[in-house]
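S.K.: Starting off with a structure, shown below.
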Amino acid sequence: MNKGKVWISAMRLRTLPLSLAGIILGSGIAASKGFFDIRIFILAVLTAVSYQILSNLANDYGDGLKGTDRNRVGPQRAVQSGLISRQAMKKALYINIIVSLILTVILLKTAFPQTGKTFYLYLILGIAAIWAALKYTVGTKAYGYMGLGDLFVLIFFGWVSVAGVYYLYVKDLDFMIFLPATAIGLLAVAVLNINNMRDLENDRRAGKQTLAVKLGLSSAMKYHRSILILSFLLMLYYTLEYLNSSWQFLALALYVPLFFHLFKLNPAQPITYNKALKQVSLLTFFFAVLYGITLNL
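Under this note's numbering, the letters of the sequence shown match residues 1148 to 1444, in that order.
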């Protein structure tokens, strides 16, 4: 395989829409209140993309070192397969960390020209996001191997992404923002849970104690349904509280195919989870886009 294609595959660009859902939703909510800055939006998107690519490369590297991907059902990983050497992947991680830090600083200087406490608080948050991207699978105490991946996804794909970008525009925090932030975070958790249910047997053999491994497949499916139901209820409540247009209910209709995918998951055929991964990721992205648009009609 061409080296360029190998690196693109390792970056797993198909995961980027999910990483942008929170940024788009938080920006749409801020815009509906009269706050929007195209510079902040573009820089927030670029920063989120850099974090996601860093996370994907780190996951490839960390799981490759531990041998976790040896018999995985999903797409082939670069380090485990030998397509990219450990040294080359490690170098790519260092480069990506630097790029992520630079983008974070530029974003924060744009949002907060007068460097102060908020600037440094956000900088710490950015460094924490980089740490979280790395430590999911890298190191002896990788939190993804201890069943904590779901919690960190909720925090960074939901709360930090939606509420964090909202504050960059508004410079104030309405705690009701944590309703849609939690809802979108839970959808990201659902994507991770599908991935972990698919890889459950392989992860168990490799000693990777994801939440799905700890719960078992039957309970993981119940957990999955609960995630989707809670996400919908949070968004429904937020919509009823902040109804700008009846078009917002059109966005909520996207939860119908989100629930429908549950009937397509076949535990006897783990490969069916790959299709569900793509569907839930894209539906989450399109929901964020459509909800953000309908808020501003």
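Backbone N, C-alpha and C define an ideal beta-carbon position, used for all residues, glycine too. Quantities reported herein were computed from a predicted structural model and do not represent experimental measurements.
Would you kindly report the start and end of the unbroken alpha helix (DSSP H) that includes Q1227?
M.R.: A1225 to S1228
S.K.: Considering just the uninterrupted stretch of the alpha helix (DSSP H) at K1355, what are its terminal residues?
M.R.: Note, K1355: premise wrong, no alpha helix (DSSP H); not H, not E.
S.K.: Sort S1392, S1393, I1244 and T1329 by Cα distance to F1299 and report the nearest one.
M.R.: T1329
S.K.: The alpha helix (DSSP H) spanning M1471 covers which residue range?
M.R.: Any answer about residue 1471 is impossible in this case: the structure gives the chain only from 1148 up to 1444.
S.K.: From which residue to which residue does the alpha helix (DSSP H) around P1132 run?
M.R.: Residue 1132 lies beyond the residue range present for the chain, which begins at 1148 and ends at 1444; the question has no answer from this structure.
S.K.: What does the alpha-carbon distance come out to for the pair G1175 and Y1389?
M.R.: 13 Å
S.K.: What's the gap between the Cα of T1287 and the Cα of I1302?
M.R.: 22 Å
S.K.: Tell me the rounded alpha-carbon separation between R1372 and D1350.
M.R.: 22 Å
S.K.: Exposed or buried, what is V1403 when buried is set at 16 or more other beta-carbons lying within 10 Å of its beta-carbon?
M.R.: exposed
S.K.: My understanding is that F1183 touches Y1316, with C-beta atoms under 8 Å, so please give their C-beta distance in whole angstroms.
M.R.: 6 Å
S.K.: Would you report the Cα separation of F1304 and A1335, rounded to the nearest angstrom?
M.R.: 7 Å
S.K.: Can you tell me whether L1320 is helix, strand or coil according to DSSP?
M.R.: coil
S.K.: Applying the 10 Å Cβ sphere with the 16-neighbour rule, what's the burial state of D1321?
M.R.: That one is exposed.
S.K.: Pairing CB atoms from the region 1360-1368 with CB atoms from the region 1341-1348, are three or more of them under 8 Å?
M.R.: yes
S.K.: Hey, S1428 and P1260: beta-carbon distance below 9 Å or not?
M.R.: no
S.K.: Rounded to whole angstroms, what is the Cα-Cα separation between N1443 and L1437?
M.R.: When only Cα atoms are considered, N1443 and L1437 end up about 10 Å apart.
S.K.: Whose CA, out of T1162, I1200, I1242 and D1210, lies closest to the CA of G1229?
M.R.: D1210
S.K.: Only counting the same chain, and skipping five residues up and downstream in sequence, which positions put a Cβ closer than 8 Å to that of N1413?
M.R.: T1419
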